[in-house]
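Chains as they are written, first to last, in the numbering used here: chain A, 299 to 498; chain B, 299 to 498.
Heads up, the beta-carbon is just placed ideally off N, CA and C, and yes, glycines get one too.
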DNA sequence: GTCTATAGCCGGATAGAC
DNA sequence: GTCTATCCGGCTATAGAC
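Here it is as structure tokens:
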């Protein structure tokens, strides 16, 4: 027979805390809230973590780890620079679309993250794919400001996802506009040909 | 002689609360925090507002009112469609850049806003400029998905501002990249000619 | 319109039994 | 590793004096 109560590991707790922090933010989640979803008492959390901030930081680290590897897949596309851009946008959009908790935490960290956390996020998660985008930018447009181009690519993808909750209240907003394929296609056309690439 | 203590009006309180909510969010600001910056005791706030949520909602309403009018200025530019796009991007970028509290509140509402608040934001603040962008899109690219194009214009401007705190930790990120003129110029070129419009 | 005082709850965190 | 019990401070909100 299995034991009636299964002891929780640190990572179990973190995995259950991540959705809470994503939905309500650091100040909006209490230790009791976390304990509730884990199925233990709040005091037991202090066996695993010295305090709430430490739990939060480790939850962030876990939510962001492996992301860099996920992004690396988006860079394996080969072919002409244009094909590679299209492939990258497609894979990156799908990836971000499928992991709403990661996206929400990213949004929250941009608002509330201190220097240390933003540095970690930039260097451990986004550095590699960002450099790949910059290299692609340099190939497509020699001499361009690669940083601005890479950021613009990310902007188009991520803001279309970020604004999903308000889209239906804006003129012309339909449910289909939140689909990763629709977004990726639109973004790719816009990047490659400007607005005139967006004709139907 | 002036009175030693100047009674505070509702709008005085709201104007002082707005920066707090922008910086720390609803859950991150207490009635005592607000009372502190106003220079009164927390209990006195309940003379002006029935509860914290009501204060917050009125602060949002005030932070967002007049914004639609501000945006209307961005639409007064005349000339060819391309000139008008360039003008709109320039004015909109400068406007959003100069009002960081509004931008932060917008970011927070996209994360935490309920249906009612998002509806208000969409209809009272962004509807007009959004429609203007859509009309411009239709002129520039007849038959395009005007909603997606308008959202992409906003994406490029707003995400460059939203990512300002992390930019310096990303490859190639410089302080100049956060300047409204640099962003507006980059975004305009990208929109009009795609990536190849971004050559230096 | 603001104050003091306080109710009542919920927050993070600790001590010590099992 | 989890529990019960508890401390204590901060929170929203109310009552009533000035």
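Where the alpha helix (DSSP H) containing residue i begins and where it ends
i             : result
residue 412/B : Run containing residue 412/B: none; DSSP gives neither H nor E here.
residue 345/A : 340-346
residue 309/A : 308-322
residue 420/A : Looking at the DSSP string, residue 420/A is not in any alpha helix (DSSP H), and its letter there is neither H nor E.
residue 356/B : 350-362
residue 484/B : 478-491
residue 397/B : That residue, residue 397/B, is in no alpha helix (DSSP H); it is neither H nor E in DSSP.
residue 335/B : 329-336
Listed by chain order, chain B residues near residue i by CB distance under 9 Å
i             : result
residue 334/A : Within chain B, no residue comes near residue 334/A; the closest Cβ sits about 17 Å away, beyond 9 Å.
residue 444/A : 469 and 470
residue 419/A : 464 and 467
Coarse secondary structure for residue i, derived from DSSP in three states
i             : result
residue 441/A : coil
residue 466/B : coil
residue 392/B : helix
residue 372/B : helix
residue 450/B : helix
residue 405/A : helix
residue 304/B : coil
residue 381/B : helix
residue 495/B : helix
residue 325/A : coil
residue 365/A : helix
residue 472/A : coil
residue 429/B : helix
Where residue i meets chain A, residues with beta-carbon distance less than 7 Å
i             : result
residue 491/B : 492
residue 416/B : 463, 464 and 467
residue 475/B : 445 and 446
residue 460/B : 408
Closer than 9 Å at the beta carbon, the chain A residues around residue i
i             : result
residue 447/B : 484, 488, 493 and 496
Residues that residue i contacts on chain B, provided the C-beta gap is smaller than 7 Å
i             : result
residue 366/A : Result: empty, since nearest Cβ-Cβ is about 14 Å, beyond 7 Å.
residue 454/A : 450, 453 and 454
residue 325/A : 323, 325 and 326
residue 428/A : 468 and 469
residue 424/A : 468
Contact set between residue i and chain B, taken where Cβ atoms lie within less than 8 Å
i             : result
residue 369/A : Neighbours of residue 369/A on chain B: none; closest Cβ ~14 Å, over 8 Å.
Inset, instruction - Note down, in chain order, all residues in the segment 430-441 of chain B with a beta-carbon under 8 Å from any beta-carbon belonging to chain A. - result: 432, 435, 438, 439, 440 and 441
Legend entry - the segment 382-415 of chain B: positions lying closer than 9 Å to chain A by Cβ: 383, 402, 405, 406, 407, 408, 409, 410, 411 and 413
Inset, instruction - Identify each residue in the segment 344-357 of chain B for which the Cβ-Cβ distance to at least one residue of chain A is less than 9 Å, and report them in chain order. - result: none
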